[in-house]
Every structure is written in structure tokens, then in C-alpha cells.
Amino acid sequence: MHYGRVIAGTCLLIGCLSLGVPGRGADEAALQEQMKRGQEIFSRTCITCHQADGQGLQGGLFPPLAGSDFFMADKARAIRIVLNGLTGPVTVNGVTYDNVMPAWKGELNNQEIADVMTFERNSWGNHGEAVTPEEVARARSAG
Ligand code: HEC
Numbered sequence: 352m353h354y355g356r357v358i359a360g361t362c363l364l365i366g367c368l369s370l371g372v373p374g375r376g377a378d379e380a381a382l383q384e385q386m387k388r389g390q391e392i393f394s395r396t397c398i399t400c401h402q403a404d405g406q407g408l409q410g411g412l413f414p415p416l417a418g419s420d421f422f423m424a425d426k427a428r429a430i431r432i433v434l435n436g437l438t439g440p441v442t443v444n445g446v447t448y449d450n451v452m453p454a455w456k457g458e459l460n461n462q463e464i465a466d467v468m469t470f471e472r473n474s475w476g477n478h479g480e481a482v483t484p485e486e487v488a489r490a491r492s493a494g
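Those letters in the sequence shown? Residues 352 to 494, per this note's numbering, in order.
Next comes the structure, spelled out in C-alpha cells:
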């Protein structure tokens with residue numbers, strides 16, 4: 352009786368491990384692929400303004416994405432900005448920018464926006480969960 356439970360418990364534990372480890376490996380591989388695609392999109396579309404190091408340009412021209420309190424604070428808001436662009440004053444890390452960020456909804460599909468944002472959220476010292484195409488789709492249909 353008692354042994355039965357121990358064995359059942361052990362099997363459960365081994366079962367969890369053997370399912371859990373390959374699962375995490377697959378997630379990690381998927382994230383690496385998304386990061387790679389995101390980096391290519393970043394280099395084509397965002398780098399001119401936000402710069403290769405994600406620091407933007409000083410003098411209130413282009414805000415940083417690296418270590419940006421604004422960017423990392425609200426994932427849904429950041430998705431809306433990348434889709435629809437941004438104009439008017441925005442304060443990033445204590446500096447106010449008042450410039451024009453183009454809209455990308457006509458240029459990039461949901462997967463591409465998810466990829467580039469996942470790259471930005473996990474580069475230059477940023478750490479954030481991935482952005483999914485479904486999240487971008489929801490923001491896109493909300494307008
Ligand atoms: C033509 C220059 C330009 C390009 C290209 C550009 N941005 Fe921006 N971006 C800006 C400007 C300017 C702002 C600030 C807008 C304002 O002052 O209202 C901004 C703001 C942002 C913000 C919010 C502020 C922050 O720093 O957290 C995010 C997020 C962002 N951009 C992401 C992107 C992504 C992703 C791409 C590529 C798909 C991109 N940008 C391409 C100029 C650009």
C-alpha cells in the first residue's frame with residue numbers, strides 16, 4: 352500500500368521530468384528561431400532610427416529600446432505603437448521625445464511584428480516574455 356504510493360509518486364515524477372525537459376528544449380529552440388528572424392527584421396526596419404545597439408539617437412531624436420522603461424512597462428501598449436506608429440511627446444528613461452515613429456501595420460505581418468518585438472524585448476540587456484502573433488492580431492483588430 353505504502354510502497355505502491357511511493358512507486359506511483361516516483362513514476363509521476365519521472366514522467367514529469369521526461370515530458371518537461373524536451374518541452375522546455377522545444378520552447379527554447381522556438382524562441383531562438385524567433386529571435387533570429389526578429390533580428391533580421393530589426394536590421395531591415397528599425398535600426399536606422401533605434402540603432403544597432405538599441406540606444407536610439409541622443410538629442411531627443413529617437414528613443415532607446417535598450418533598457419527603455421517605457422517599452423518594457425506595457426507589452427500591449429508597445430504592440431499598438433509598433434502597429435500604428437507614435438507621434439507627440441513620449442518620455443523614455445526621463446528624456447522627452449516629440450518626433451514621428453512610422454506605423455508598421457502595412458509593412459509587417461503579425462508574425463513579423465511578434466518576431467521583431469520578441470527580439471527587442473530580449474536584447475541589449477532587456478528580458479521579457481515573447482510576443483505572439485495572436486497578441487498582435489488582437490491589437491490589430493482592435494485598431
Ligand atoms: C523613422 C524612424 C523610426 C523607425 C524606422 C522606427 N522607429 Fe520606433 N520610434 C521612432 C520615434 C521618433 C519614436 C518616438 C515617437 C514620439 O516622439 O512620439 C519611436 C518610438 C518607438 C517605441 C516606443 C518608445 C520606446 O522607446 O519605448 C517603440 C516600442 C518603437 N519605436 C519600436 C520600433 C520598432 C519595433 C521599429 C521597427 C519595426 C521601429 N520602432 C522603427 C522612430 C522610428
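For each residue, glycine too, the CB sits at the ideal point set by N, CA and C.
Short of 8 Å from the beta carbon of Ala488, and not among the five residues preceding or following it, lie these beta carbons of its own chain, in chain order: Asn461. Residue pairing of Met452 in beta bridges, as defined by DSSP: Leu437.
In this structure Phe421 touches Val443 by the C-beta definition: roughly 5 Å separates them, less than 8 Å. If you compare the alpha carbons of Leu459, Gly439, Leu412, Arg428 with that of Gly389, the shortest gap goes to Leu459.
Here Leu459 carries a coil assignment [DSSP, helix/strand/coil]. Contact fails between the stretch 398–411 and the stretch 380–388, because fewer than three Cβ pairs, one in each stretch, are under 8 Å apart. Closer than 7 Å to some heavy atom of ligand 1: that describes the Cβ of Leu416. Its chain contains Ala465 as the residues whose beta carbon lies nearer than 7 Å to that of Thr483, once the 5 sequence neighbours on both sides are disregarded; these appear in chain order.
For Asp425, there is no enclosing alpha helix (DSSP H), as DSSP marks it with neither H nor E. Counting other Cβ atoms within 10 Å of its Cβ, Arg428 stays below 16 and is therefore classed as exposed. Between Ala454 and Gly436, the gap from beta carbon to beta carbon is short of 8 Å. For the pair Ile430 and Met452, the CB atoms are not nearer than the 8 Å cut-off. Shortest Cα-Cα distance from Ser492 to any of Lys456, Gly410, Arg375 involves Lys456.
Rounded to whole angstroms, the gap between the alpha carbons of Thr396 and Met468 is 12 Å.
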